[in-house]
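In our numbering, the protein residues as written are 1 to 326. All C-beta atoms, glycine included, are put in the ideal place defined by N, C-alpha and C. This one's a predicted model, so the numbers in the text were calculated from it and none came from an experiment. Structure, as structure tokens:
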């Protein structure tokens, strides 16, 4: 019984997700919103692997999203490759570029690394605008949706499956020797070097893996929307993804998803008031940093610890009855 109660919330969440399209009456609007949450959750999970677990600050992940989206679009439309090939290629190409970006970035730390990645994120839309023969420039590229997932309803289950699968992949990476190397580098690069960890190599791997996963998110985005242009992922997107992991909780997979859900839903909730969205996002970030420095996930962790300690505590009434019986 205790085991059933332990997994009741994940089970309930699974049931809600499974029947969500039916719950919202098949509404495309609400299904697309959750699809966007799932795609940004994948991007925030990727950034949290790099920043939360690896300690490498990146403010340019919108660039990786763009590369993944453009790669999927180009391979799908210009080379005629099917969805099942174009999507993984979008991750592979982005991962290779991430590795190449990571090689010079291994010499940088803190604010210097943040500025360097910011420059990368800013440059990608500019390159997409100038390289119009390949990217379509300002006009962008239109992409046909895959036949099997041509509706928002069917695409919903694809992105949910992709999110769950990538959570499982990242979880296993974190708990592997590679993940322990990432965490050791985050804690102290000097100590990691003394332990025999090849710090420059693992830093480059961090960027590559994070870019690969983000590229997949970009690929999913372009197949869902059916279009990609230089304005889709700007520097604002990079800061938004960074805000997701800060608000949700650094070095926390559930925190990444929670932060992605909140920061993706906020624009939809505040779009009635012009110019309010950025103010609300900034206010939420400020309040979380001040009052919940470990992110929103710390509230759930605190409740879990409280319930666990309560379950292990001795019931005074039972203790009194036992003493009386003795």
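For residue 117, which residues from the same chain have a beta carbon less than 6 Å from its beta carbon, with the 5 sequence-adjacent residues on both sides left out? So the list reads 58, 59, 60, once near-sequence residues are dropped.
Just grab the DSSP bridge partners of residue 349 for me. Coverage of the chain is limited to positions 1 through 326, which leaves residue 349 absent and any answer about it impossible.
Assign residue 197 to one of three DSSP states: helix, strand, or coil. coil
Check whether the Cβ of residue 138 lies closer than 7 Å to any heavy atom of the ligand HEM, and answer yes or no. With respect to the ligand HEM, the structure offers nothing, as it holds no ligand at all.
Endpoints, the alpha helix (DSSP H) within which residue 69 is located: Element bounds for residue 69: 61-73.
For the alpha helix (DSSP H) containing residue 132, list its first residue and its last residue. Run containing residue 132: 132-135, per the alpha helix (DSSP H) assignment.
Report yes or no: do three or more beta-carbon pairs, one from the segment 91-99 and one from the segment 61-78, lie closer than 8 Å? yes
Give the DSSP-derived three-state secondary structure of residue 274 in the structure shown. Correct three-state label for residue 274: coil.
Looking at residue 282: is its Cβ nearer than 8 Å to the Cβ of residue 87? no
Indicate whether residue 185 and residue 171 have their beta-carbon atoms separated by less than 8 Å. no
Reducing DSSP to helix, strand and coil, say where residue 107 ends up. coil
Taking its Cβ as the centre, do 16 or more other Cβ atoms sit within 10 Å of residue 82, making it buried, or is it exposed? exposed
Residue span of the alpha helix (DSSP H) that contains residue 181, given as start and end: 177-187
Inter-stretch contact (C-beta, 8 Å, three-pair minimum) for the segment 249-269 and the segment 189-201: No, because fewer than three Cβ pairs between the segment 249-269 and the segment 189-201 fall closer than 8 Å, the two stretches do not touch.
What residue range is occupied by the uninterrupted alpha helix (DSSP H) comprising residue 171? 152-174
Taking the alpha carbon of residue 225 as the point to measure from, which residue in 12, 21, 35 has its own alpha carbon closest? 35
So, does the segment 233-252 touch the segment 120-127, judging by three or more C-beta pairs under 8 Å? At 8 Å Cβ cutoff, the stretches touch.
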